[in-house]
Amino acid sequence: MEENVGTPPQALFDAMDTYIGQQAAKGVFLDGGGLYGTEDAVNFVVRKGEITRVDGPYAEAKEIVGGWAILQYDTVEQAVAEQQEFADLHAKYWPEVTMVATLRQISDGPEQPAP
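935 is the number of the first residue of the sequence shown in this note's numbering; add one for each residue after it.
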């Protein structure tokens, strides 16, 4: 989402509490939470075997990750439908903010390390 847009409205907090409660009751919601902005963030960049530490805030950052949720669904179609509901809540209760909700599967990782 956009950096420094302020605190979401109480109506969104309330709607998300209800949504997360429903997902938890169904055994779908496993973990999640919000994240602070980049003002105190620290990045470690590994490039060609060299490590560089970069402290925030980051003037070039236009969008940041505002939070995360780990949910478990039986099908991709079910996950997509639920992600739509999550986006709908933000559109309804905080329409003045641009927010991207990305749906990604958790990798089990490669079975063997690369040679």
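Yeah, the Cβ is synthetic: ideal placement off N, Cα and C, and Gly gets one too. These figures come from a predicted structure and were not determined experimentally.
| Item | Value |
| --- | --- |
| Can you check whether the CB of Ile998 is closer than 9 angstroms to the CB of Thr972? | yes |
| Is the beta carbon of Gln1006 closer than 9 angstroms to that of Val962? | yes |
| Quick one, are the C-beta atoms of Gly1001 and Gly966 less than 9 angstroms apart? | yes |
| Less than 8 angstroms between the CB atoms is what I'm expecting for Val976 and Arg987, so what's the real figure, rounded? | 6 angstroms |
| Note down, in chain order, each residue of its chain lying with its Cβ closer than 8 angstroms to the Cβ of Pro943, except the 5 sequence neighbours on either side. | Tyr1027, Trp1028 |
| Are the CB atoms of Tyr970 and Phe1020 within a distance shorter than 9 angstroms? | no |
| Considering Cα atoms alone, identify which of Gln1012, Glu984, Glu1030 is closest to Glu936. | Glu1030 |
| Using alpha carbons as the reference points, say which of Asp1008, Phe947, Thr1036 lies closest to Lys960. | Asp1008 |
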